[in-house]
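Going down the list, the sequences are from chains A and B.
Here the first sequence is numbered in this note's numbering, starting from 1 and rising by one per residue.
Here the second sequence is numbered in this note's numbering, starting from 1 and rising by one per residue.
Beta carbons: idealized from backbone N, C-alpha and C, even for Gly.
Keep in mind the model is a prediction, meaning the values are calculated, not measured.
Encoded as structure tokens, the structure appears first; notes follow it.
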Amino acid sequence: MKRSLTLAILLALSLAPAARAASEADYKAAYAAAETASREAAGMRNQWTVTVSALAAAKKAGDGGDFDRAVSAAKEAEALAKASIVQATSEKEAWKAMEIR
Amino acid sequence: MKARTALLLGSLSAALVAFALTSPRVVAADKVDPVADAKAFQNFFFRKFPDVKHEDFVNGPYSMNADMKRQWQEKEEFPPYEFALDAGKEMFATRFKNGKTYADCFPNGGIGIRQNYPYFDTTEGKVVTLELALNRCREANGEAPYSYVKDEMASLTAYMAFTSRGKPMDIKIPDDPRALAAFENGKRYFYTRRGQLNFSCASCHVQSPGERIRAEILAPALGILNAMPIYRSEWSGMGTTSRRFITCNSQTRAVPLEPQADEYRDVEYFLSYVANGLPISGPGARP
């Protein structure tokens with residue numbers, strides 16, 4: 001019983017996802033995705049200042065070799081850019097609800 | 001059988017009457033009607049603030065708060081925009097290198113005409129603001145354009161506004177579908193939420209005038225441009241209409257557009273038109 005419990009713990013530990021440091025490739029992929037979303041938002045004339053700041057922070061961290069921080073900032077920039085796209089899309093009609101008539 | 005036919009005919013007639021009553025509303029909602037929009041816009045503020053004199057809306061937050069108004073009236077004895085006004089007057093009279101002046105570019109020599117800006121240029125098919133017209137005047141006379149957000153432009157427009165004080169805003173919308181489209185585009189821009197804070201211009205200046213946002217009292221949208229340009233204590237200096245739009249965008253965490261972008265020109269057209277009849281009060285002073 002004691003032996004099988006030890007084995008089970010070892011097995012569970014071996015299956016647990018190992019925390020892996022982000023690589024340069026991870027950063028480049030995350031940054032490219034964020035940049036694409038950001039460009040789309042800018043094309044809709046609805047860029048957010050916080051998206052620009054997060055993208056700049058990702059680039060700075062990436063250039064400095066801190067890929068964990070760079071990936072995290074790039075993902076934040078992508079999420080912000082996507083939110084601004086949703087806002088611009090919904091506001092195409094939603095603005096009418098605010099109009100004084 | 002007769003009863004069934006009568007019932008059927010009755011229902012049909014009722015449906016037709018209902019359709020006839022509702023269909024004009026549907027059509028009206030889609031039609032661009034600046035006159036009706038301006039009337040509704042003004043009535044909204046007149047009803048919301050029945051104690052505010054109509055011509056007082058152009059004084060922004062001071063029309064909403066008696067204490068602030070008293071302080072501002074005292075400040076007007078030695079207004080903070082006075083230096084800009086003097087500079088603007090001098091700049092306006094100074095000749096360009098070719099010997100001409102700003103007066104050569106504007107009707108009535110540029111004096112007492114602020115209330116007619118912005119206007120819709122039917123040749124260009126776009127809205128022309130006073131700031132844009134001033135820079136076009138400079139370029140046409142071989143001078144470099146001024147920054148739309150800095151002191152020189154604010155000084156020039158301050159002087160031109162001062163010569164027009166008290167004149168009722170008088171913006172025309174010509175019978176041109178492009179002018180109506182510009183008005184509608186300006187209206188859309190005014191009511192559209194943007195930035196991470198999800199604010200539209202109307203969130204502050206229609207829904208919350210008179211309320212505090214941090215330490216400031218929000219100005220009503222009605223007549224908000226009649227006081228431009230303004231000296232802002234927060235800026236420790238003068239600000240143009242362009243600067244005001246850009247700052248508003250940044251405050252909602254939206255990346256501002258370029259000065260004199262079509263959207264800014266159109267929203268200036270919309271806001272000025274709905275303030276028709278209210279006096280020019282610029283240059284103004286704000287906290």
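- So is residue 162 of chain B buried or exposed if we call it buried at 16+ other beta carbons inside 10 Å? Translated into positions along the second sequence, residue 162 of chain B becomes position 162. Under this definition residue 162 of chain B is a buried residue.
- Hey, would you say residue 109 of chain B sits closer than 8 Å to residue 159 of chain B, going by beta carbons? Here residue 109 of chain B refers to the residue found at position 109 when the second sequence is read from its first residue. Here residue 159 of chain B refers to the residue found at position 159 when the second sequence is read from its first residue. Against a cut-off of 8 Å, the Cβ pair of residue 159 of chain B and residue 109 of chain B comes out as no contact.
- Query: Given 8 Å as the limit, is there contact between the stretch 181 to 193 of chain B and the stretch 135 to 147 of chain B, that is, 3 or more CB pairs closer than that?
  - Reply: No: fewer than three Cβ pairs fall under 8 Å.
- Message: In the DSSP assignment, the alpha helix (DSSP H) including residue 285 of chain B goes from what residue to what residue?
- Response: Position 285 of the second sequence, counted from the start, is the residue given in the question as residue 285 of chain B. Under the DSSP assignment, residue 285 of chain B falls outside any alpha helix (DSSP H), being part of the beta strand (DSSP E) whose first and last residues are 284 to 286.
- Please determine, among B:234, B:210, B:200, the residue with the shortest C-alpha to C-alpha distance to residue 46 of chain A. Residue mapping note: residue 46 of chain A aligns to position 46 of the first sequence, counting from 1. Per the Cα distances, B:200.
- Item | Of the residues B:72, B:219, B:270, the one placed nearest residue 32 of chain B, counting alpha carbons only | To locate residue 32 of chain B, count along the second sequence from 1; it is residue 32. Per the Cα distances, B:270.
- Query: What is the rounded straight-line gap between the Cα of residue 168 of chain B and the Cα of residue 53 of chain B?
  - Reply: Along the second sequence, one-based indexing puts residue 168 of chain B at 168. Along the second sequence, one-based indexing puts residue 53 of chain B at 53. Their Cα atoms are separated by approximately 15 Å.
- Message: By the three-class DSSP mapping on this structure, what secondary structure does residue 238 of chain B have?
- Response: Numbered from 1 along the second sequence, position 238 holds the residue referred to as residue 238 of chain B. DSSP places residue 238 of chain B in strand when its eight states are reduced to three.
- Message: Counting only C-beta atoms, is residue 270 of chain B closer than 8 Å to chain A at any point?
- Response: Numbered from its first residue, the second sequence carries residue 270 of chain B at position 270. It does not: the Cβ of residue 270 of chain B has no partner Cβ on chain A nearer than 8 Å.
- Item | Cβ neighbour criterion (16 or more within 10 Å) applied to residue 245 of chain B | The residue labelled residue 245 of chain B in the question sits at position 245 within the second sequence. Flag for residue 245 of chain B reads buried.
- Message: Suppose the cutoff is 8 Å on Cβ atoms and the five residues either side in sequence are ignored; what does the same chain contact list for residue 65 of chain B look like?
- Response: Position 65 of the second sequence, counted from the first residue, corresponds to residue 65 of chain B. Taken in chain order, the residues that qualify are 210, 217.
- Message: Please list the terminal residues of the continuous beta strand (DSSP E) segment that includes residue 119 of chain B.
- Response: Numbered from 1 along the second sequence, position 119 holds the residue referred to as residue 119 of chain B. Per DSSP, residue 119 of chain B belongs to the beta strand (DSSP E) from 119 to 121.
- Query: When the Cβ atoms of the stretch 219 to 232 of chain B are set against those of the stretch 27 to 40 of chain A, are three or more pairs found closer than 8 Å?
  - Reply: no
- Go ahead and pull the three-state DSSP assignment for residue 173 of chain B. The residue you call residue 173 of chain B lines up with position 173 of the second sequence. Looking at residue 173 of chain B - three-state DSSP - the assignment turns out to be coil, as it is neither helix nor strand.
- Leaving aside the five residues before and after residue 68 of chain B along the sequence, list all residues of the same chain whose C-beta is less than 7 Å from its C-beta, in chain order. Sequence index remark: in the second sequence, residue 68 of chain B carries index 68 (1-based). If we look at residue 68 of chain B and ignore the five residues flanking it on each side, its Cβ neighbours are 61, 62, 217.
- Message: Going by DSSP, what residue range makes up the beta strand (DSSP E) through residue 126 of chain B?
- Response: The residue given as residue 126 of chain B occupies position 126 in the second sequence. Segment 126 to 128, the beta strand (DSSP E) holding residue 126 of chain B.
- Message: Measuring only the C-alpha atoms, how far is residue 59 of chain A from residue 116 of chain B?
- Response: Taking the first sequence and counting its residues from 1, the one referred to as residue 59 of chain A is at position 59. Taking the second sequence and counting its residues from 1, the one referred to as residue 116 of chain B is at position 116. The straight-line gap from Cα to Cα measures roughly 48 Å.
- Query: Does any CB atom of chain A fall closer than 8 Å to the CB of residue 206 of chain B?
  - Reply: Your numbering for residue 206 of chain B matches position 206 in the second sequence. Output row for residue 206 of chain B: interface = yes.
- Message: If you measure between the beta carbons of residue 182 of chain B and residue 127 of chain B, is that distance less than 8 Å?
- Response: Taking the second sequence and counting its residues from 1, one reaches residue 182 of chain B at position 182. Taking the second sequence and counting its residues from 1, one reaches residue 127 of chain B at position 127. Their beta carbons are under 8 Å apart, which means residue 182 of chain B touches residue 127 of chain B by this criterion.
- Message: Beta-carbon within less than 8 Å of residue 21 of chain A's beta-carbon, same chain only, minus the 5 sequence neighbours each way: which residues are those?
- Response: If you number the first sequence from 1, residue 21 of chain A lands on position 21. Within the same chain, residue 21 of chain A has close Cβ partners 67, 68.
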